[in-house]
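Accompanying notes for the structure given below.
2 protein chains.
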Amino acid sequence: MRDFLPEDVRRRAHVIGIIARVYERYGFEPLETPAVENLETLLGKYGDEGNQLIFKILKRGEHEATGQADLALRYDLTVPLARVIAHHNAKLPRFFKRYQIQPVWRADRPARGRFREFYQCDVDALGSTSPAVEAELCAAVADALLELGFSDFVIRLNHRQLLASILTASGVPAPLHGPALVAIDKLDKIGPDGVLGELAERGVEEAARGAVLAAFRSTGHDPAEELDRLSNLLASSAVGDAAGEAAVTNLRQITALAAGTRADGRIRIDAALARGLSYYTGAIMEIAVPDLAGSLGGGGRYDNLVGMFLGQDVPACGFSLGLERILVVMGERNMFPPALARSAADVMVAVFDSADLRHAIALAGLLRSEGLRVLLYPDADKIGKQIKYADSRAVPFVALLGGNEIAAGTVTVKDLKAQTQNTYDQTAAAAAIREALKDRG
Amino acid sequence: MRDFLPEDVRRRAHVIGIIARVYERYGFEPLETPAVENLETLLGKYGDEGNQLIFKILKRGEHEATGQADLALRYDLTVPLARVIAHHNAKLPRFFKRYQIQPVWRADRPARGRFREFYQCDVDALGSTSPAVEAELCAAVADALLELGFSDFVIRLNHRQLLASILTASGVPAPLHGPALVAIDKLDKIGPDGVLGELAERGVEEAARGAVLAAFRSTGHDPAEELDRLSNLLASSAVGDAAGEAAVTNLRQITALAAGTRADGRIRIDAALARGLSYYTGAIMEIAVPDLAGSLGGGGRYDNLVGMFLGQDVPACGFSLGLERILVVMGERNMFPPALARSAADVMVAVFDSADLRHAIALAGLLRSEGLRVLLYPDADKIGKQIKYADSRAVPFVALLGGNEIAAGTVTVKDLKAQTQNTYDQTAAAAAIREALKDRG
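Chains as they are written, first to last, in numbering that gives the first Met the number 0: chain A, 0 to 440; chain B, 0 to 440.
Structure (structure tokens):
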């Protein structure tokens with residue numbers, strides 16, 4: 000887990016601010032949940048591997064010695080949302096659209112853009128099964144990435160039922176769906192022959208292997224064409240499959256609706272996309288950029304999760320952007336505005352004599368009251384040393400307040416870059432500094 | 000621990016935004032640290048009671064079964080800062096001024112304004128022993144509270160050494176300083192006779208009891224007068240005490256400097272102020288308002304804490320505002336601007352027919368591209384039901400897009416409050432809605 004020094008925090012706040020502003024435009028409202036959940040709320044929601052990665056908190060007081068845990072750190076923002084929906088159900092609107100930008104914790108092995116404490120930026124819409132929900136989620140996420148300056152991302156789109164239907168149509172029995180997908184997932188790394196070998200190892204029959212490989216190799220970028228191909232594939236299989244065809248129809252609707260949004264041209268049908276989490280029930284999505292092996296974010300429909308807490312199902316669909324990965328890629332691509340690397344202050348007030356500190360602090364207050372960010376040098380060190388300090392901190396101006404200035408109610412403002420200085424009435428200094436700051440952008 | 004629904008989050012963001020903006024004007028830079036620290040970093044820093052209240056995290060993997068903890072949740076923002084200073088020392092400036100607004104966790108019994116997860120808003124200045132540091136901290140905190148709308152707070156100011164010197168001068172031996180302060184602290188609750196009784200119970204000799212009580216009863220609001228009284232008291236005692244007199248001088252300097260800042264008129268010398276934490280070494284401060292028994296925040300100088308991590312002392316002084324208590328008082332006093340209770344969206348796009356969803360979603364995108372916050376009703380329910388929904392969510396406008404409008408490229412905008420409607424070109428609708436929103440503030 001990492002400390003964030005001032006420039007890191009500014010970069011994070013910049014990205015979070017843009018994402019939150021875009022989400023608000025889509026009618027999502029902010030929600031925050033505690034870092035700590037009851038352990039039983041989290042257990043069993045993320046699969047076996049997920050259970051292993053949950054940070055567990057010891058019982059307090061006399062029970063501490065038992066070594067048992069009753070609480071845990073938040074593992075994602077989706078399960079807490081489901082708990083919130085169940086708990087606050089009466090207070091929430093029928094269609095609840097919330098965003099949530101908070102850290103989560105996983106006891107995972109750290110890697111590039113993967114940390115044990117990391118922020119997720121989630122949007123979820125509850126209460127409707129309309130394909131407009133998925134389309135709007137894709138639109139919101141695309142809009143946020145575009146505003147951040149990304150221009151080369153795609154949204155991979157698939158459907159859990161389509162995935163299952165294609166595997167079945169290819170001759171893979173249900174118990175082998177999982178192992179087959181693990182093999183398919185390696186296509187980029189080990190090539191078609193490698194995948195055929197892995198499928199064999201995992202017990203997929205020979206006739207099915209080629210069919211699986213062919214089915215999952217996307218033939219192009221156009222979503223409508225790819226959906227036609229998959230639809231034909233399902234229709235031509237021996238297994239009649241209305242559920243698979245319904246999934247194709249659902250993806251057709253989503254892509255058609257998304258074409259009228261900021262997600263236009265970004266969506267690729269990827270029949271091999273599986274997504275790890277077990278709670279998805281319908282469409283699933285994932286964001287890819289060329290220079291990152293993992294995804295920038297992902298999501299999908301999970302119509303049954305809220306029911307595990309509420310006792311009655313509430314349709315739901317969500318999308319999560321990974322803040323840390325966005326920051327990694329933006330850093331590598333130099334996508335941050337230069338203004339974020341700003342100095343700690345607009346001006347530093349120097350101190351000639353500790354007996355004059357009260358004049359210096361009053362001047363600092365005057366400049367602050369006009370909105371400037373002001374450092375007060377705290378000690379009466381040599382003026383050269385003080386100016387050097389301001390320079391080392393990239394503070395552009397130093398306010399000098401010697402005996403003459405104090406007597407006259409003036410201040411001498413030194414421009415460290417231009418190496419010029421001017422004397423102003425103290426009440427006029429803030430305006431002069433603001434003007435000079437504006438000139439240098 | 001609590002969930003924060005949209006209006007809660009907006010109130011919290013409002014307060015945090017103001018505090019951060021004020022802190023930035025004082026030259027403090029943002030820092031963030033992980034929620035989780037090594038357990039050994041925290042143990043022994045907060046006294047015995049503090050140790051008990053730390054949430055401890057189980058070791059992972061094969062060590063989990065041992066029931067041992069190696070990590071813990073952040074207990075305050077000061078100890079993590081000291082660790083950061085030691086760890087990132089080479090990267091940080093000689094005078095490091097940071098603010099940090101993050102949650103901390105304590106396994107405490109919840110009460111009014113006291114929660115197990117709560118936010119602190121800290122400012123700390125490292126690297127200088129100048130009294131200007133304390134004065135600027137008081138100024139920054141006062142400025143933040145004034146901007147939030149508080150007008151009746153005072154800053155209680157004391158000094159750890161003065162506290163000790165007065166107790167000694169009153170005839171209380173060092174081992175009884177702690178117990179005597181606990182008794183003094185109850186003066187408001189149990190009155191002078193009650194305190195005298197408690198002092199007796201705690202083993203303070205008869206001659207000392209009256210002296211202690213007299214010494215700690217402030218005689219007025221003027222800091223200079225109160226400091227004169229305390230100085231005379233020290234001078235007249237049998238114990239010569241240069242350290243106590245130095246503390247008085249330090250408080251004289253701090254109050255004189257603060258008089259030229261936004262803290263002017265707010266400071267009260269309170270010789271009985273003790274502050275719980277053990278790491279303070281000099282001046283200590285606490286914010287009080289009439290309608291809250293506890294404090295809105297507090298702080299002080301801690302010149303030795305960084306040394307516990309770095310191996311060499313770095314002078315430091317900090318102030319922490321308690322977000323939850325500020326929110327409680329602001330809520331009770333109705334201090335939040337009405338705009339915070341805003342609806343989820345400026346306009347809702349209704350859907351006449353699911354076949355027309357793509358027109359509705361495209362219109363929503365158009366309105367969003369002009370900065371409006373837009374809800375898209377996801378299903379083709381009856382229009383009356385949709386309008387009722389918008390009304391229930393306090394969304395002021397509904398955009399109606401029937402067959403005629405779609406054919407003509409127009410949209411009918413219904414004003415739910417005025418019960419009027421107008422038809423606009425779709426490209427002109429956003430400007431019309433913005434204008435109408437401006438009119439109603």
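Think of the CB as a built atom: it goes at the ideal place given N, C-alpha and C, for glycine as much as any other residue.
Grab the span of the beta strand (DSSP E) containing residue i for me, first residue to last.
{"i": "A/Lys55", "result": "55-57"}
{"i": "B/Ser319", "result": "315-321"}
{"i": "A/Leu186", "result": "No beta strand (DSSP E) holds A/Leu186; the alpha helix (DSSP H) holding it covers 186-200."}
{"i": "A/Arg372", "result": "No beta strand (DSSP E) contains A/Arg372, which DSSP labels as neither H nor E."}
{"i": "A/Gln420", "result": "419-424"}
Cβ closer than 7 angstroms: which chain B residues qualify as neighbours of residue i?
{"i": "A/Ser129", "result": "Pro377, Asp378"}
What's the C-alpha gap between residue i and residue j?
{"i": "B/Asp192", "j": "B/Val103", "result": "39 angstroms"}
{"i": "B/Arg155", "j": "B/Tyr118", "result": "22 angstroms"}
{"i": "B/Leu375", "j": "A/Leu145", "result": "21 angstroms"}
{"i": "B/Met329", "j": "B/Phe335", "result": "7 angstroms"}
{"i": "B/Glu205", "j": "B/Gly170", "result": "10 angstroms"}
{"i": "B/Thr77", "j": "A/Ala89", "result": "40 angstroms"}
{"i": "A/Leu57", "j": "A/His358", "result": "54 angstroms"}
{"i": "B/Ser452", "j": "A/His86", "result": "Shown here, chain B extends from 0 to 440; a query on residue 452 of chain B therefore has no answer."}
{"i": "A/Ile15", "j": "B/Gln160", "result": "45 angstroms"}
{"i": "B/Phe308", "j": "B/Arg324", "result": "31 angstroms"}
{"i": "A/Ala361", "j": "B/Arg261", "result": "9 angstroms"}
{"i": "B/Leu304", "j": "A/Pro33", "result": "29 angstroms"}
{"i": "B/Phe3", "j": "A/Lys381", "result": "51 angstroms"}
{"i": "A/Asp263", "j": "A/Ala143", "result": "14 angstroms"}
{"i": "B/Arg1", "j": "B/Glu116", "result": "8 angstroms"}
{"i": "B/Arg97", "j": "B/Gly297", "result": "16 angstroms"}
{"i": "A/Ala106", "j": "A/Ala179", "result": "27 angstroms"}
{"i": "B/Ala349", "j": "B/Tyr388", "result": "10 angstroms"}
{"i": "A/Val346", "j": "A/Lys416", "result": "13 angstroms"}
{"i": "B/Asp131", "j": "B/Gly259", "result": "The amino acid at residue 131 of chain B is misidentified as Asp; the sequence shows Ala. Roughly 11 angstroms between the two C-alpha positions."}
{"i": "B/Val83", "j": "B/Asp227", "result": "40 angstroms"}
{"i": "B/Arg439", "j": "B/Asp414", "result": "12 angstroms"}
{"i": "B/Ala246", "j": "B/Phe152", "result": "24 angstroms"}
Show which residues of chain B have a CB atom less than 8 angstroms away from the CB atom of residue i.
{"i": "A/Leu38", "result": "In chain order: nothing, as chain B lies at least about 10 angstroms away."}
{"i": "A/Tyr74", "result": "None at all; the shortest Cβ gap to chain B is about 13 angstroms."}
Following a CB-centred definition, is residue i positioned closer than 8 angstroms to any heavy atom of the ligand FMN?
{"i": "B/Leu175", "result": "Inclusion of the ligand FMN in the displayed structure is not the case, the ligand content being empty and no account of it being possible."}
For a contact meaning CB atoms closer than 9 angstroms, what does residue i contact in chain A?
{"i": "B/Asp2", "result": "Leu30, Glu31, Thr32, Pro33, Pro79, Arg82, Val83, His86, His87"}
{"i": "B/Val343", "result": "It should be noted that the sequence gives Ala, not Val, for residue 343 of chain B. Under the 9 angstroms cutoff, chain A gives Glu23, Gly26, Phe27, Glu28, Pro92, Lys96."}
{"i": "B/Lys55", "result": "Ile56, Leu57, Arg59, Glu63"}
{"i": "B/Pro102", "result": "Pro33, Ala34"}
{"i": "B/Ile360", "result": "Ala131, Ala134, Glu135, Ala138, Leu256, Ala257, Gly259, Thr260"}
{"i": "B/Pro337", "result": "Near B/Pro337 there are no residues of chain A at all, since even the closest Cβ is about 17 angstroms away, more than 9 angstroms."}
From what residue to what residue does the alpha helix (DSSP H) around residue i run?
{"i": "B/Asp390", "result": "382-391"}
{"i": "A/Asn403", "result": "402-407"}
{"i": "A/Leu304", "result": "304-309"}
Note down, in chain order, every chain A residue with its Cβ under 8 angstroms from the Cβ of residue i.
{"i": "B/Thr65", "result": "Gly66"}
{"i": "B/Glu116", "result": "Pro33, Ala34, Val35"}
{"i": "B/Arg367", "result": "Arg24, Tyr25, Asp142"}
{"i": "B/Val373", "result": "Arg24, Tyr25, Gly26"}
{"i": "B/Gly364", "result": "Ala138, Gly259, Thr260, Arg261"}
At 9 angstroms on the CB atoms, spell out the chain B contacts of residue i, in chain order.
{"i": "A/Leu156", "result": "Chain B residues near A/Leu156: none, gap ~16 angstroms exceeds 9 angstroms."}
{"i": "A/Pro5", "result": "Glu28, Pro29, Leu30, Arg97"}
- prompt: Any contact of the stretch 249-257 of chain A with the stretch 200-215 of chain A, i.e. 3+ C-beta pairs under 8 angstroms?
  reply: no
- request: Would you be able to state if there are at least three C-beta pairs under 8 angstroms between the stretch 115-125 of chain B and the stretch 312-320 of chain B?
  value: Judged by Cβ distances under 8 angstroms, the stretch 312-320 of chain B makes contact with the stretch 115-125 of chain B, as three or more pairs qualify.
- prompt: Hey, which unbroken runs of the alpha helix (DSSP H) at 4 residues or more fall wholly within the stretch 38-75 of chain B?
  reply: The qualifying runs are 38-41, 46-52.
message: Closer than 8 angstroms is the cut-off here; do at least three beta carbon pairs connect the stretch 20-33 of chain B with the stretch 371-381 of chain A?
response: yes
- request: Only counting runs of 3 or more residues, tell me where the beta strand (DSSP E) segments fall wholly within the stretch 66-136 of chain B, in order along the chain.
  value: 68-72, 95-104, 116-125
message: Can you confirm whether the stretch 333-349 of chain A touches the stretch 392-409 of chain A when touching is taken to mean that 3 or more C-beta pairs between the two stretches lie within less than 8 angstroms?
response: yes
message: Quick check on the DSSP output: what are the complete beta strand (DSSP E) runs of length 3 or more inside the stretch 325-363 of chain A, in order along the chain?
response: 346-348
- prompt: Do the stretch 219-226 of chain A and the stretch 264-272 of chain A make contact, defined as three or more Cβ pairs closer than 8 angstroms?
  reply: When Cβ pairs closer than 8 angstroms are counted between the two stretches, the stretch 219-226 of chain A is seen to touch the stretch 264-272 of chain A, the count reaching three or more.
message: My parser needs the alpha helix (DSSP H) runs of 4 or more residues fully inside the stretch 217-266 of chain B; what are they?
response: 222-235, 241-257
- prompt: Just checking, does the stretch 35-47 of chain A make contact with the stretch 67-77 of chain A on the three C-beta pairs under 8 angstroms criterion?
  reply: In short, these stretches touch, since the Cβ pair count reaches three.
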